[in-house]
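Peer 1:
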DNA sequence: CACCCGTGGCA
DNA sequence: TTGCCAAGGGT
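Numbering (UniProt numbering), first residue to last: 1 to 357.
(1) Once you ignore the five residues that flank residue 188 on each side, which residues in its own chain have a CB closer than 7 Å to its CB?
(2) Excluding the five sequence neighbours on either side, which residues of its own chain have a C-beta within less than 7 Å of the C-beta of residue 304, listed in chain order?
(3) Please state whether DSSP places residue 2 in a helix, a strand or coil.
(4) How about residue 267 and residue 261: do their beta carbons lie closer than 8 Å?
(5) Between which two residues does the alpha helix (DSSP H) holding residue 359 run?
(6) Which residue marks the beginning of the beta strand (DSSP E) containing residue 311, and which one marks its end?
(7) Measure the beta-carbon distance from residue 255 to residue 322 and round it to whole angstroms, keeping in mind my assumption that it falls under 8 Å.
(8) How is residue 19 classed by DSSP in three states: helix, strand or coil?
(9) What number of angstroms, rounded off, separates the C-alpha of residue 230 from the C-alpha of residue 214?
(10) What are the start and end residues of the beta strand (DSSP E) that includes residue 109?
(11) Report buried or exposed for residue 23, applying the criterion of at least 16 other Cβ atoms within 10 angstroms of its Cβ.
(12) Report back the beta-carbon spacing between residue 62 and residue 91 to the nearest angstrom; my notes put them in contact at under 8 Å.
(13) Just confirm the distance between the C-beta atoms of residue 273 and residue 242, as a whole number of angstroms; I'd bet it's less than 8 Å.
(14) Taking residue 326 as part of the beta strand (DSSP E), name the residues at either end of that continuous run.
(15) So the alpha helix (DSSP H) residue 81 belongs to, where does it begin and stop?
(16) CA-CA distance, residue 182 and residue 147?
(17) Can you tell me where the alpha helix (DSSP H) holding residue 44 begins and where it ends?
(18) Thinking C-beta only, is residue 113 closer than 8 Å to residue 155?
(19) Alpha carbons only, please: which of 313, 290, 287 and 289 is nearest the one belonging to residue 297?
(20) Alpha carbon to alpha carbon, how far is residue 159 from residue 8? Give it in angstroms, no decimals.
(21) For residue 329, is the classification buried or exposed, using 16 other Cβ atoms within 10 angstroms of its Cβ as the cut-off for buried?
(22) In whole angstroms, what is the alpha-carbon distance linking residue 348 and residue 294?
(23) Please go through the same chain and pick out, in chain order, the residues whose beta-carbon is closer than 6 Å to the beta-carbon of residue 43, but skip the five residues on each side of it.
(24) Taking the alpha carbon of residue 300 as the point to measure from, which residue in 186, 142 and 345 has its own alpha carbon closest?
(25) Which value, in whole angstroms, describes the spacing of the CA atoms of residue 327 and residue 287?
(26) Three-state secondary structure (DSSP) at residue 12?
(27) Cα separation between residue 218 and residue 157?
(28) Mind checking whether residue 152 and residue 177 have CB atoms under 8 Å apart?
(29) Which residues in the same chain as residue 19 place their Cβ atom closer than 8 Å to its Cβ, once the five residues preceding and following it in sequence are excluded?
(30) Give a yes or no on whether the C-beta atoms belonging to residue 85 and residue 149 are separated by under 8 Å.
(31) Determine the closest residue to residue 257 out of 338, 128 and 77, with distance taken between C-alpha atoms.
(32) On the three-state DSSP scale, how would you describe residue 347?
(33) I'd like the span of the alpha helix (DSSP H) that includes residue 73, first residue to last.
(34) Relative to the C-alpha of residue 309, which candidate in 104, 281, 53 and 136 has its C-alpha closest?
(35) Quick check on this structure: which residue in 82, 186, 75 and 11 has the alpha carbon closest to the alpha carbon of residue 358?
(36) Do residue 136 and residue 48 count as a contact pair if the criterion is CB distance below 8 Å?
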């Protein structure tokens with residue numbers, strides 16, 4: 001046990017938050033909250049799922065588009081799968097979008113269209129894990145639950161100068177965070193720790209001089225803050241190779257393929273193509289045609305490998321009968337429906353056509 | 001429990 | 001250019 005008592009107090013952080021809270025589309029700030037305004041649980045849930053491993057800057061536009069198109073959880077539950085996947089395209093981690101729909105439909109079917117107001121109830125829903133269940137509990141329902149995300153882990157590791165590497169240190173950091181969580185204003189507090197981690201207690205060059213917890217912070221006094229939290233080394237990413245076939249029919253329709261729900265880019269639209277492996281891919285087009293190389297490869301890095309994707313393009317006749325995929329006209333396909341790697345392939349293919357497309 | 005699962009920004 | 005990082009969850 002770390003016998004040292006941390007003197008950090010939630011009140012000091014809340015005082016800081018009252019002045020420095022960031023404004024966000026899904027957030028009810030401390031002032032409005034004091035006036036009794038509570039955030040819509042649907043919007044809290046949607047924002048928290050979008051924010052999983054994703055930056056605020058990347059989420060903003062997606063959140064606006066989703067809430068404009070589907071203002072309530074019932075609207076979202078009634079949406080077509082392909083519409084939700086297309087709207088999520090580019091945000092990454094597509095299992096989140098699949099679980100988002102499952103969750104919305106479960107809330108409507110099993111909970112009368114209202115998100116459960118307990119951590120346990122929330123935890124039972126698809127796509128809601130320990131962090132998100134606590135976040136919705138605290139932010140939407142003002143329950144005194146402890147949120148532990150990357151920000152909180154970093155802040156706690158520094159406050160206590162804990163050098164045990166993640167993920168080993170996770171349970172201890174969770175316990176530290178729980179001890180600090182106040183009974184009053186748990187929603188504001190949860191967001192305050194995350195704002196602190198995002199703006200002051202940043203991964204590199206933290207601004208310790210203006211931190212509301214600079215006095216009790218052990219890592220600050222020891223000069224170790226910038227190197228915490230420690231993390232286990234990561235495995236190198238191998239390079240995989242593949243081929244994608246961008247076929248355009250005479251009427252302007254493209255030959256596309258819906259990917260299976262499980263695995264990489266599950267449920268998303270993509271171009272027919274080879275497997276992606278560390279060996280040279282087999283060149284097997286989805287339909288016989290005059291395929292030509294686009295002259296440039298799409299380079300893309302996924303979570304655990306680098307991909308170099310060769311692009312083949314072809315003009316296809318109206319009578320073409322491909323082995324795989326389906327033709328989608330402009331009415332059923334927008335380039336923005338594609339995950340980023342597929343959009344890169346599309347852009348390269350387009351550039352390779354003299355007449356553009 | 002180890003592994004799988006995206007993307008864009010930034011030093 | 002490369003590596004690191006961001007409000008994690010599912011299996």
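Where a beta carbon is used, it is the ideal one built from N, C-alpha and C, also for glycine.
Note that the coordinates shown come from a computational prediction; the quantities given were computed from them, not determined experimentally.
Peer 2: In short:
(1) So the list reads 14, 17, 30 and 33, once near-sequence residues are dropped.
(2) Excluding five sequence positions before and after residue 304, the CB atoms of its chain that fall closer than 7 Å to its own CB belong to 237, given in chain order.
(3) Because residue 2 carries a pLDDT of 46, less than 50, the predicted location of this residue cannot be relied on, and no value is offered for it.
(4) Closer than 8 Å, so yes.
(5) Past the boundaries of the shown model lies residue 359; the chain is included only from 1 to 357, so the question cannot be answered.
(6) Unbroken beta strand (DSSP E) run through residue 311: 306-316.
(7) Indeed, because the Cβ distance is near 6 Å, the residues count as touching under 8 Å.
(8) Annotated three-state conformation of residue 19 is helix, per DSSP.
(9) Their backbone Cα atoms lie some 20 Å apart in a straight line.
(10) Taken as a continuous stretch (DSSP letters only), residue 109 belongs to no beta strand (DSSP E), being part of the alpha helix (DSSP H) at 95-111.
(11) With fewer than 16 Cβ atoms within 10 Å of its Cβ, residue 23 is classed as exposed.
(12) Yes, residue 62 and residue 91 are in contact; Cβ-Cβ is about 5 Å, under 8 Å.
(13) Their Cβ separation, rounded to whole angstroms, is 6 Å, which keeps residue 273 and residue 242 in contact under 8 Å.
(14) Counting along the chain, the beta strand (DSSP E) containing residue 326 begins and ends at 326-328.
(15) Per DSSP, the continuous alpha helix (DSSP H) segment holding residue 81 begins and ends at 81-88.
(16) In this structure, the straight-line span from the alpha carbon of residue 182 to that of residue 147 is close to 12 Å.
(17) Element bounds for residue 44: 41-50.
(18) For residue 155 and residue 113, no; Cβs fall outside 8 Å.
(19) Proximity to residue 297 across 313, 290, 287 and 289 peaks at 313, based on C-alpha coordinates.
(20) Taking the straight line joining both Cα atoms gives about 8 Å.
(21) Residue 329 is exposed by the Cβ-count criterion.
(22) Going from the Cα of residue 348 to the Cα of residue 294 covers about 7 Å.
(23) Its chain contains 26 as the residues whose beta carbon lies nearer than 6 Å to that of residue 43, once the 5 sequence neighbours on both sides are disregarded; these appear in chain order.
(24) Closest by alpha carbon: 345.
(25) The C-alpha of residue 287 is placed about 12 Å away from the C-alpha of residue 327.
(26) It is helical.
(27) If you take the alpha carbons of residue 218 and residue 157, they lie about 9 Å apart.
(28) Yes, they are a contact pair.
(29) Non-local C-beta neighbours of residue 19 in its own chain, meaning closer than 8 Å and more than five positions away in sequence, are absent.
(30) Judged by beta-carbon spacing, residue 149 lies beyond the 8 Å limit of residue 85, meaning their Cβ atoms are not closer than that value.
(31) The residue with the shortest Cα to Cα distance from residue 257 is 338.
(32) Assignment of residue 347 by DSSP, reduced to helix, strand and coil, places it in the helix class.
(33) 73-77 is the span of the alpha helix (DSSP H), which, as asked, contains residue 73.
(34) Per the Cα distances, 281.
(35) This structure cannot settle anything about residue 358, because the visible part of the chain is limited to 1 through 357.
(36) Yes.
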